[in-house]
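Visitor:
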């Protein structure tokens, strides 16, 4: 099976709050999660509410290109 036709792909989720605060140097790092999604069922970028250890609270994590 060729690489471009697989239904399940690995994606990276990145904290939005840490990315915005990285310029202010308030946070200690950027929180990232690795997960999988089915590209046929969810073609749009994925957004999940996950715990960010850098912000010490639950924030929106969005899919990034890797």
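Numbering (the working numbering), first residue to last: 1021 to 1086. Glycine included, each C-beta is placed from N, C-alpha and C at the ideal position. Since we're looking at a predicted model, the values are computed, not measured.
#1: Throw me the rounded Cβ distance for the residue 1035 and residue 1078 pair, which I believe falls under 8 Å.
#2: Measure the C-alpha to C-alpha separation of residue 1037 and residue 1052 and round it to an integer number of angstroms.
#3: Of all the options 1076, 1071, 1085, 1028, which has the alpha carbon lying nearest to the alpha carbon of residue 1065?
#4: In angstroms with no decimal places, state the Cα-to-Cα distance between residue 1050 and residue 1056.
Guide: For this structure:
#1: Counting from 1 along the chain shown, the entry for residue 1035 is found at position 15. Counting from 1 along the chain shown, the entry for residue 1078 is found at position 58. Not confirmed; about 10 Å, so no contact.
#2: Counted from its first residue, the chain shown places residue 1037 at position 17. Counted from its first residue, the chain shown places residue 1052 at position 32. Answer to the nearest angstrom: the Cα atoms are 12 Å apart.
#3: Along the chain shown, one-based indexing puts residue 1065 at 45. Answer by Cα proximity: 1085.
#4: In the chain shown, counting from the first residue as 1, residue 1050 sits at position 30. In the chain shown, counting from the first residue as 1, residue 1056 sits at position 36. Computed Cα separation, rounded: 20 Å.
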